[in-house]
Amino acid sequence: MTENKQKSAIRPTDPAPGGSPHELDWLDGDIPRSRLFDDTYYSRHGGLAETGHVFIGWSGAGRRWRSGSDCTIAELGFGAGMNFLETVRQWRAQRQGAARLHYVSFEAYPMSRDDLARTLAPWPELRDLAPLLVEAWEPEAPVIDIAFVPDVRLCVHFADANARLPSLPLLADAWYLDGFAPARNPQMWSEELMREVFAHTAPGGAFATYTAAGWVRRNLEKAGFEVSREKGFAGKREMLRGVRPL
Ligand SMILES: C[S@@+](CC[C@H](N)C(=O)[O-])C[C@H]1O[C@@H](n2cnc3c(N)ncnc32)[C@H](O)[C@@H]1O
């Protein structure tokens, strides 16, 4: 994508972050699609398997908890919490010793509780965890900060990541960059925000994302990450991961 196209892309300014519930259409009955961004929340072919491949796998988070280390994961775009719940599911099955999980995410246009429940309902794998999230969901608050299950702390900031991240004392081991397609939501992939992501990554920590867009890769490189192209999930040729050098 060229810089010009980036600038002329639709920049959603309404509703205001934290304002009225995000308006959705439903594809095939249960896949939410944002009207504001004209994009779906997850790939109809991927779902949880894509979370495992792209985010848990390539960010190094899984490797970390399998080695018995505590893990702080940060995410741009909490959405319906599918990445979060799948992360907790895999963490519970795989973690060694007493390794703890801290998950911090940002969501500027939160779903209503009913839409969250509807999005999560079709996933049998999440049957025991999804109701806990629905119960805790309070998008009117500025932030949710809870002990989700023992040894898992969940913190969701209901704010524009561009505004909230810079002031947070956060150092993540792994970042999931999941803010809708870059062409439809360029402010979630800007050089400024990627610099903030880098500044909030522990040395040796990593990000993973499904996109392989050239301008996003360049923004991440300019921010300081050592970026590589990896095999994408299923039909997707490439995705990106990057490491903050030690
Ligand atoms: C692809 S969805 C995320 C899916 C989610 N990770 C999941 O597992 O369900 C992208 C999310 O980014 C949110 N978003 C878009 N722009 C944002 C911004 N500037 N700050 C915070 N969140 C934003 C959208 O409202 C949407 O929920």
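Going left to right, the sequence shown walks through residues 18 to 263 as our numbering numbers them.
A virtual CB, placed ideally from N, CA and C, is assigned to each residue, including glycine.
Self-check item: Option nearest Ala153 by Cα separation, candidates Pro141, Thr226 and Val166
Solution: Indexing the sequence shown from 1 puts residue 153 at position 136. Ranking the options by Cα distance to Ala153, first place goes to Val166.
Quiz prompt | Delimiting residues of the beta strand (DSSP E) encompassing Gly63 | solution = On the sequence shown, residue 63 is found 46 positions in, with the first residue counted as 1. Where Gly63 is concerned, there is no enclosing beta strand (DSSP E), given that its DSSP letter is neither H nor E.
Quiz item: If you follow the alpha helix (DSSP H) that Leu137 is part of, which residue opens it and which one closes it?
Solution: Working through the sequence shown from its first residue, we reach residue 137 at position 120. Looking at the DSSP string, the run of the alpha helix (DSSP H) that includes Leu137 is Arg130 to Leu137.
Quiz item: Between Met256 and ligand 1, is the CB less than 8 Å from at least one heavy atom?
Solution: Mapped onto the sequence shown, residue 256 falls at position 239. Not so, every heavy atom of ligand 1 lies at least 8 Å from the Cβ.
Practice problem: Check the C-beta distance from Glu233 over to Pro199 and give it rounded, since I have them as a contact under 8 Å. | Solution: Taking the first residue of the sequence shown as 1, we reach residue 233 at position 216. Taking the first residue of the sequence shown as 1, we reach residue 199 at position 182. Per the sequence shown, the amino acid found at residue 233 is Val instead of Glu. Contact between Val233 and Pro199 holds: their C-beta atoms lie close to 5 Å from each other, under 8 Å.
Quiz item: Taking Cβ positions, are Asp162 and Leu118 nearer each other than 9 Å?
Solution: In the sequence shown, the residue the question calls residue 162 occupies position 145. In the sequence shown, the residue the question calls residue 118 occupies position 101. No, the Cβ-Cβ distance between Asp162 and Leu118 is not below 9 Å.
Exercise. Kindly examine ligand 1 and report whether one of its heavy atoms sits closer than 8 Å to the Cβ of Ser51.
Key: Translated into the one-based positions of the sequence shown, residue 51 becomes position 34. Yes, since a heavy atom of ligand 1 falls inside the 8 Å radius drawn around the Cβ of Ser51.
Quiz item: Going by beta carbon distance, what residues of the same chain come within less than 6 Å of Arg52, once the five residues before and after it are set aside?
Solution: The residue labelled residue 52 in the question sits at position 35 within the sequence shown. If we look at Arg52 and ignore the five residues flanking it on each side, its Cβ neighbours are Glu40.
Quiz item: What number of angstroms, rounded off, separates the C-alpha of Arg112 from the C-alpha of Val244?
Solution: Taking the first residue of the sequence shown as 1, we reach residue 112 at position 95. Taking the first residue of the sequence shown as 1, we reach residue 244 at position 227. Computed Cα separation, rounded: 27 Å.
Exercise. Check whether the Cβ atoms of Ala225 and Phe72 sit closer than 9 Å, and answer yes or no.
Key: In the sequence shown, the residue the question calls residue 225 occupies position 208. In the sequence shown, the residue the question calls residue 72 occupies position 55. In this structure, Ala225 sits near Phe72, with a CB-CB distance shorter than 9 Å.
Exercise. List in chain order: all unbroken alpha helix (DSSP H) runs of 4+ residues lying wholly within the stretch 80-115.
Key: List check, alpha helix (DSSP H) in window: 99-111.
Exercise. Determine, using beta-carbon pairs with one atom in the stretch 143-158 and one in the stretch 97-117, whether at least three such pairs fall under 8 Å.
Key: The stretch 143-158 is in contact with the stretch 97-117.
Quiz item: Taking the continuous beta strand (DSSP E) assigned at Arg246, which residues delimit it?
Solution: The residue labelled residue 246 in the question sits at position 229 within the sequence shown. Looking at the DSSP string, the run of the beta strand (DSSP E) that includes Arg246 is Glu243 to Lys248.
Exercise. Put Ala125 into one of helix, strand or coil per three-state DSSP.
Key: Indexing the sequence shown from 1 puts residue 125 at position 108. It is coil, neither helix nor strand.
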